[in-house]
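Structure, as structure tokens:
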Amino acid sequence: MSKDDDMTNEAEETEFENVINGLERANIKFYQISLLLLYPSGFWKYYNYTALVLLEIATFYFLFTGVITIYSQVNNIFVVFEIANAFMIRLAVFINLADFHFVRKKRILWYKLLSYCKDEFYEYDCESVKKEMARLRLLCRNNMRWFFMISVPALLINFFFIFVVIPITRYIIGEEQLTDDPAYNVFLPLPWWSMFSTRTTTGFTIQYLLMLFVGFNLLTIFIIYVSTGFYFMMELVVQFKILCFALTKHEERIEIHKAGLRERNLEQSGLLLSTKDAQKYDENAIPTEVLIQSILHHLKIREFFNMFQEFSSFFFGLVLSVNMLVIVALSVILTKMDSLWTIEGLKFISIFFFEILHIFCFTYFGSMLVEESHNVKRSLYSIHWYGFNSNQKKILNIFQIQSASKFLLSASGIYDIDLNTFLQVMQTAYSVFNVFSNMKT
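Per our numbering, the sequence shown starts with residue 46, numbered consecutively.
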């Protein structure tokens, strides 16, 4: 192996360690099996690539057979919706995975974002700011812990309900098959068309295991992908809170810098600083230096935000579009059902609330991010700017212009990620539900 190859491998290992440090610092669980993090060597490398190839093949198979299912069951609105919903989710994940690993741009950005998170964006000398940073960092880790404590059991219960409870319940009550075609079996988690007979034990087992494999991998990818997205949004919120707190401690930071300057002058001269001429010039520059520190921190936040926007824009656009279509379509489906207290009714209700919760979480964090970015401009007024000289006032004006720009996430330029979007979706869903309910009566 050449020296250049050794240097390349070493650089890859360093980058990989930075990503792992970012994941550990974010308190993100289960990332080893998510297929998003590709290990450069060892057992996990072979697992990642093998599972990734098998997942893409299985997903392509279900996308192909899903089209056949929708076409052949076009007269059954409940089956068509159920398959179309699963089809859109699998298509969204399939496209995102292909974009993530084969185009690679998103994966590189994901790695950069995680590497960015392995350290603080900006280190302040002020002790009170450091304590606030430690408090917010602990709060962020606790939020991620609660995210996994709530989301993982909820998703696993939903997964268990669809893949185990529903098939067993249908088998026990002896539900009739929807069609005589052996390619369909009502006892499967989803009434998906199969290339082989699912009325035999072998055919049923193969189809069920394929569904289980794809479902489990989609669940894992969803947990890690969404959890990192939430963490990046929380990281931005935390950084804005740190910046705002540092601005409120502007005078304290100036005094700390002045004290440090006096100590350095004392060490260099070896004399008591009874005369002020030696330090006057440097002390006048300290407010400018402290203000520039906050500006640099704000620029770091903007750089991270731009990377996250580029990384998440397509994902948000695709996923939120699917969420909105499913919510509106479910509004129609629920009005067509004779009773919601059936297996199908309970399944559709669980999907409906899950989709609402999903879109609410993203839009809520998006609104929180906008609000925290506005707080920077408000915090600037707490600075004793009236004591600044003309040059320092110019720098403050530049900072005000920077902080006036919105930190509003966008979903492929189609939707804004804020609570207004959530309200619009809910209003549309309610209107559709109301119209079709009135038509039914």
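Cβ coordinates follow ideal geometry from the N, Cα and C atoms, glycine included.
Give me the Cβ distance between residue i and residue j, rounded to the nearest whole Å; I'm assuming they're in contact under 8 Å.
{"i": "Leu-159", "j": "Glu-101", "result": "The pair is not a contact, with the Cβ atoms about 23 Å apart (cut-off 8 Å)."}
{"i": "Arg-149", "j": "Leu-108", "result": "Incorrect: roughly 22 Å between the Cβ atoms, too far for contact."}
{"i": "Asn-121", "j": "Leu-223", "result": "7 Å"}
{"i": "Thr-265", "j": "Phe-75", "result": "6 Å"}
{"i": "Gln-447", "j": "His-342", "result": "Not quite, the Cβ-Cβ distance comes to about 11 Å (not below 8 Å), so this is no contact."}
{"i": "Phe-467", "j": "Phe-397", "result": "So it is not a contact: roughly 15 Å between Cβ atoms."}
{"i": "Leu-208", "j": "Phe-277", "result": "The residue you asked about is not Leu; residue 208 is Phe in the sequence shown. Actually they do not touch by this definition, with Cβ atoms about 31 Å apart."}
{"i": "Ile-388", "j": "Arg-244", "result": "With 8 Å as the limit, Ile-388 and Arg-244 do not qualify as a contact, their Cβ atoms being about 20 Å apart."}
{"i": "Leu-82", "j": "Leu-97", "result": "Their Cβ separation, rounded to whole angstroms, is 11 Å, which puts Leu-82 and Leu-97 out of contact at 8 Å."}
{"i": "Val-64", "j": "Tyr-156", "result": "5 Å"}
{"i": "Trp-10", "j": "Lys-422", "result": "The chain is shown only over 46 to 486; residue 10 falls outside these bounds and no answer can be derived."}
{"i": "Glu-417", "j": "Lys-286", "result": "6 Å"}
{"i": "Asn-72", "j": "Arg-182", "result": "Rounded, the Cβ-Cβ distance is 10 Å, inconsistent with contact."}
Going along the chain, which residues of its own chain have a beta-carbon closer than 7 Å to the beta-carbon of residue i, five neighbours each way excluded?
{"i": "Ala-129", "result": "Ile-115"}
{"i": "Phe-253", "result": "Going by the sequence as given, residue 253 is Tyr instead of Phe. Excluding positions up to five away in sequence, the list reads Leu-233."}
{"i": "Met-413", "result": "Val-282"}
{"i": "Val-364", "result": "Ala-137"}
{"i": "Ile-299", "result": "Ile-331, Pro-332 and Val-335"}
{"i": "Ser-482", "result": "Thr-380"}
{"i": "Phe-204", "result": "Gly-260 and Leu-264"}
{"i": "Phe-393", "result": "Leu-375, Ile-378 and Leu-379"}
{"i": "Gln-284", "result": "Phe-166 and Ile-346"}
{"i": "Glu-62", "result": "none"}
{"i": "Glu-297", "result": "Cys-171 and Ser-173"}
{"i": "Lys-151", "result": "Asp-144, Phe-145 and Phe-356"}
{"i": "Ile-489", "result": "With the chain covering only 46 through 486, there is no way to say anything about residue 489."}
{"i": "Glu-220", "result": "Val-231"}
{"i": "Leu-316", "result": "Only weak support is given to the placement of Leu-316: the predicted model assigns it a pLDDT of 48, under 50, and the value that follows is read from those uncertain coordinates. Answer for Leu-316: no residue qualifies."}
{"i": "Lys-163", "result": "Asn-63, Asn-66, Gly-67 and Arg-70"}
{"i": "Ala-474", "result": "Ile-372, Val-373 and Ser-376"}
{"i": "His-403", "result": "Asn-368"}
{"i": "Asn-93", "result": "Leu-80, Leu-83 and Tyr-84"}
Just reading off the alpha helix (DSSP H) that residue i is part of, what are its end residues?
{"i": "His-403", "result": "388-424"}
{"i": "Gly-274", "result": "246-293"}
{"i": "Ile-153", "result": "150-161"}
{"i": "Pro-21", "result": "The structure shown does not extend to residue 21, since the chain is modelled only from 46 to 486, so the question has no answer here."}
{"i": "Met-240", "result": "That residue, Met-240, is in no alpha helix (DSSP H); it is neither H nor E in DSSP."}
{"i": "Thr-95", "result": "88-117"}
{"i": "Met-133", "result": "122-143"}
{"i": "Pro-85", "result": "Element bounds for Pro-85: n/a, residue is neither H nor E."}
{"i": "Pro-227", "result": "Neither: Pro-227 is in no alpha helix (DSSP H) and is coded neither H nor E."}
{"i": "Leu-441", "result": "435-449"}
{"i": "Tyr-431", "result": "Premise fails: Tyr-431 is in no alpha helix (DSSP H) and is neither H nor E."}
{"i": "Tyr-489", "result": "As displayed, the chain neither begins before 46 nor continues past 486, which places residue 489 out of reach and without an answer."}
{"i": "Ile-213", "result": "211-218"}
Should residue i be flagged as near chain E, meaning a C-beta pair shorter than 8 Å?
{"i": "Lys-90", "result": "The structure shown contains no chain E, having only a single protein chain."}
In its own chain, which residues sit with a C-beta less than 8 Å from the C-beta of residue i, not counting the 5 before and 5 after it?
{"i": "Glu-355", "result": "Leu-154"}
{"i": "Ala-374", "result": "Phe-126, Ala-129 and Asn-130"}
{"i": "Leu-425", "result": "Leu-292, Leu-441, Phe-444, Gln-445 and Ser-448"}
{"i": "Phe-361", "result": "Phe-407, Leu-454, Ser-455, Ala-456, Ser-457, Tyr-460 and Ile-462"}
{"i": "Tyr-161", "result": "Gly-67, Phe-349 and Met-352"}
{"i": "Asn-436", "result": "Thr-333"}
{"i": "Asn-188", "result": "Met-279"}
{"i": "Val-124", "result": "Thr-114, Gln-118, Leu-223 and Pro-236"}
{"i": "Phe-267", "result": "Val-138 and Leu-200"}
{"i": "Tyr-409", "result": "Leu-464 and Phe-467"}
{"i": "Ser-242", "result": "Pro-227, Ala-228 and Gly-248"}
{"i": "Ile-340", "result": "Ile-440, Ile-443, Phe-444 and Gln-447"}
Among the residues of its own chain, which have a CB less than 6 Å from the CB of residue i, if the five just before and after it don't count?
{"i": "Asn-420", "result": "Cys-289"}
{"i": "Val-112", "result": "none"}
{"i": "Phe-132", "result": "Gly-111"}
{"i": "Lys-90", "result": "Tyr-84"}
**Prompt:** Counting Cβ pairs closer than 8 Å, one from the segment 249-266 and one from the segment 95-109, do we hit at least three?
**Reply:** yes
**Item:** Validate contact between the segment 351-371 and the segment 444-461 using beta carbons, cut 8 Å, 3 pairs
**Value:** yes
**Asked** Is the number of C-beta pairs between the segment 303-310 and the segment 442-456 that are closer than 8 Å three or more?
**Response** no
**Prompt:** Is the segment 172-185 in contact with the segment 377-390, if contact means three or more CB pairs nearer than 8 Å?
**Reply:** no
**Item:** 4-residue-minimum alpha helix (DSSP H) runs that sit fully inside the segment 333-364, ordered along the chain
**Value:** none
**Asked** When the Cβ atoms of the segment 268-279 are set against those of the segment 188-201, are three or more pairs found closer than 8 Å?
**Response** yes
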